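Residue numbers (this note's numbering): 117 to 331.
Structural data, given as structure tokens:
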């Protein structure tokens, strides 16, 4: 019945089960005034079934999905007003970046335990307005590639507990807007190399104003 609250601007809903997905999508479809939406599964392994949503509420700016996803629903590409996105416990197997990198308004992206792959690639022209990017607890991730011309507005990059990552993202040196790099509980090999003058990782961060190392 929550869908009848058509003037509601913010909805946070927790303990969502897989079987709730279709009904939830029908309700969200009716809530055309939503600006913020947070959906949390009943357990980390519970799947959020959100494919039945035909299109996102037109004014939606902030979206948080906490729970397993087989893939990103197609409606993500139509979220043109989305500014903040948090994906947690998604455990996506496929690269999700192609569905997000063209979002014209996205300024904040947090990916936490949301990707089980080994490689992420940010392509030229992707994420035109993204200012803050947090990659957290992506335990299989061992390579991040950033093409020149990608992430042109990025100011803050946080890499947190991505323990398989032994090198800084390839191409990070091309992000001239980057002001703050945070490395928190990363591989000891990576942290040490960032601090060694002349090392490959140290050279990559010369243009960054602040580099925070949190062990």
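For every residue, glycine included, the Cβ atom is placed at its ideal position computed from N, Cα and C. Fair warning: this is a prediction, and the values are worked out from it, not measured in the lab.
Residue environment, residue 308, which counts as buried when at least 16 other CB atoms sit within 10 Å: Classification of residue 308: exposed, given that the 10 Å Cβ count is below 16.
Nearest-angstrom Cα separation, counted from residue 317 out to residue 305: Across the structure, residue 305 and residue 317 are spaced so that their CA atoms are roughly 10 Å apart.
DSSP state of residue 197 mapped onto helix, strand, coil: The three-state reading of DSSP puts residue 197 in coil, since its state is none of H, G, I, E or B.
In DSSP terms, what residue 152 is bridged to: Paired residues: 126, 178.
Identity of the residues DSSP links to residue 236 by a beta bridge: Beta-bridge pairing links residue 236 to 260.
Neighbour-count burial assignment, residue 159, 16 or more Cβ in a 10 Å radius: Residue 159 comes out exposed.
Cβ-based burial, residue 142 [other Cβ within 10 Å; buried from 16]: The C-beta of residue 142 has fewer than 16 other C-beta atoms within 10 Å across all chains shown, which makes the residue exposed.
C-alpha distance - residue 172 paired with residue 242, whole-angstrom precision: Straight-line Cα distance between these residues: approximately 21 Å.
Start and end residues, beta strand (DSSP E) containing residue 250: 248-252 is the span of the beta strand (DSSP E), which, as asked, contains residue 250.
Minimum Cβ-Cβ distance from residue 317 to chain C less than 8 Å: Of the chains in the structure shown, none is chain C; there is only one protein chain.
Option nearest residue 303 by Cα separation, candidates 320, 324, 289, 280: Nearest option by C-alpha distance: 280.
Helix, strand or coil at residue 286 according to DSSP, with G and I counted as helix: DSSP places residue 286 within a strand segment (E or B) once states are collapsed to three.
Option nearest residue 152 by Cα separation, candidates 181, 229, 136: Here the closest residue by C-alpha is 181.
Span of the alpha helix (DSSP H), counted from its first residue to its last, around residue 145: Per DSSP, the continuous alpha helix (DSSP H) segment holding residue 145 begins and ends at 137-146.
Three-state secondary structure (DSSP) of residue 228: Strand.
Closest residue to residue 195 among 203, 290, 216, 207 (Cα-Cα distance): Minimum Cα distance to residue 195 is reached at 216.
Status (buried if at least 16 other CB within 10 Å, exposed otherwise) for residue 162: Around the Cβ of residue 162, a 10 Å sphere holds 16 or more other Cβ atoms; the residue is buried.
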